[in-house]
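I have placed the structure first, in the form of C-alpha cells, so that the comments after it can refer back to it.
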Amino acid sequence: MAIRNFLPPTLQAKLWGDRKKWGLVLDEHDVDWEKWQKSQLEFYQDNQRQGFGVKVNDAGYTVMSNIDLSGKTLLEIGPGDIRHIHSWRSKPAEYILADIDKDMLSKGERIINKAGITSKVMLLQRGQSLPLLDESVDVIVSFYSLEHIYPLQTYLQELDRVLKPGGTVIGAIPSEGGFAWGLGRFLTSRRWFKQNTSITPDKIICWEHPNFADHIIKSLDKQFLRKSLGYWPFKWIPLVDINFIIQFIYTKKDQK
13 MAIRNFLPPT
23 LQAKLWGDRK
33 KWGLVLDEHD
43 VDWEKWQKSQ
53 LEFYQDNQRQ
63 GFGVKVNDAG
73 YTVMSNIDLS
83 GKTLLEIGPG
93 DIRHIHSWRS
103 KPAEYILADI
113 DKDMLSKGER
123 IINKAGITSK
133 VMLLQRGQSL
143 PLLDESVDVI
153 VSFYSLEHIY
163 PLQTYLQELD
173 RVLKPGGTVI
183 GAIPSEGGFA
193 WGLGRFLTSR
203 RWFKQNTSIT
213 PDKIICWEHP
223 NFADHIIKSL
233 DKQFLRKSLG
243 YWPFKWIPLV
253 DINFIIQFIY
263 TKKDQK
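Take my numbering: the final residue in the sequence shown is number 268, and no numbers are missing along the way.
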C-alpha cells in the first residue's frame, strides 16, 4: 500500500497534483497547457538534462543490456534522443521510431542512422492506432512514456497487437505516485514552475503524469507476462515509495 493513500488530500495535491480538481484527461485548449507546451523544452533542459535529473533518467536505461537486439525489428514510441543506445550490447536490424513530435522524430532518426541501423519513421496523431501489421515487431522499447498515456490499458493492447509471439516489451518508468518521487518533484520541478512561469503546476502534473507507477505495473501484468522488475536506487527494496525508477521486462503472453 502506497504512502499516498494515508496522506491528507491537501498534501497529496502538492506532491502528485490535484487530481480531484483537474482530473486526468488533459484539456488541450487550457491556457496553462498552452503555456506549458511553449516552456516544455526549457523545463527539460533545466531539470532533466543536468545535475541529479540526468542521473535519475540514465538509471533506467541500463535495462537494455539485458536483451539481445541482433536481427530484431524494434519499435520505440516517443524515442527522444535515444540515450539508452549506450546500454545496448547488440544492434537491431530495423528501428521504427514513432512520435507525435516531428522535430523529436528527426532527432531520433539522425541518431539511428548515424549508428548504421535501418530506420522507419512514423508521425502519429495523439491517440492514433499504430500503422503497423499485427505481430510485426520483435521488441518494443518504452522509456518514461507509460506514465503519460491515458487511458493506458487501451494503449497496451495496441502494443500487444503489433508484438510478435515471444516478443519483448522493455523500458523504465518513474516511481510516480511514490513518496520519494513526489517529494523530489515538490523540491525541484514544482519550484521551477513557481519561479519561471505563471502555470498552475498541480494541474500540469495531473495531465502529464496521469498514471501512478504501481497502477502501470498492474496494467502491464494484465496485458503481458512479467519477466523482471528492477528498482533504483534501492534495488534490493522493491518499494515504489523509496525508489525513483522502475525498470521492466515483459514478454507477449501465449495466446493458446
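Glycine is no exception: its CB is placed at the ideal position from the N, C-alpha and C atoms.
Around the Cβ of Lys84, a 10 Å sphere holds 16 or more other Cβ atoms; the residue is buried.
Shown here, Ala71 sits in a helix according to DSSP, grouped into three states.
In the DSSP assignment, Pro213 falls outside any beta strand (DSSP E) and within the unbroken alpha helix (DSSP H) covering 213–220. Residue burial is scored here from C-beta neighbours: Pro186 has at least 16 other C-beta atoms within 10 angstroms and is therefore classed as buried.
Under the 10 Å beta carbon count, His96 is surrounded by 16 or more other beta carbons and is classified as buried.
Contact between Leu135 and Leu27 fails: their C-beta atoms lie close to 35 Å from each other, not under 8 Å. DSSP places Tyr167 in the helix class (H, G or I) of the three-state scheme.
Between the alpha carbons of Ser201 and Ser77 lies a gap of roughly 30 Å.
Here DSSP, grouped into helix, strand and coil, assigns Pro21 to helix.
Per DSSP, the continuous beta strand (DSSP E) segment holding Gln259 begins and ends at 257–263.
Taking one beta carbon from each stretch, the segment 170–178 and the segment 203–215 have fewer than 3 pairs nearer than 8 Å; the two do not touch.
Distance from the CA atom of Asn59 to the CA atom of Lys103, rounded to whole angstroms, is 30 Å. In chain order, Arg16 place their CB closer than 7 Å to the CB of Gln24, counting only its own chain and leaving out the 5 sequence neighbours on each side. With 16 or more other Cβ atoms from the protein chains shown falling within 10 Å of its own Cβ, Thr180 counts as buried.
Distances from the alpha-carbon of Trp219 to those of Trp48, Val133, Asp146 put Trp48 closest.
Contact between the segment 118–132 and the segment 148–165 is not established, with fewer than three Cβ pairs separated by less than 8 Å. In the DSSP assignment, Ala192 falls within the alpha helix (DSSP H) that extends over 191–199.
The beta carbons of Ala184 and Gly72 sit closer together than 9 Å.
The DSSP assignment places complete beta strand (DSSP E) segments of no fewer than 3 residues inside the segment 92–152 at 106–111, 130–135, in order along the chain. In this model, Phe205 and Asp113 are separated by some 23 Å (Cα to Cα). Rounded to whole angstroms, the gap between the alpha carbons of Phe260 and Pro91 is 17 Å. Separation of Ser141 and Glu170 (C-alpha to C-alpha, rounded to the nearest whole angstrom) is 7 Å.
Contact between Ile161 and Asn223 holds, since their C-beta atoms are separated by about 7 Å, short of 8 Å. DSSP places Tyr243 inside the beta strand (DSSP E), whose first and last residues are 237–244. One Cα belongs to Thr74, the other to Ile182, and the distance between them is close to 11 Å.
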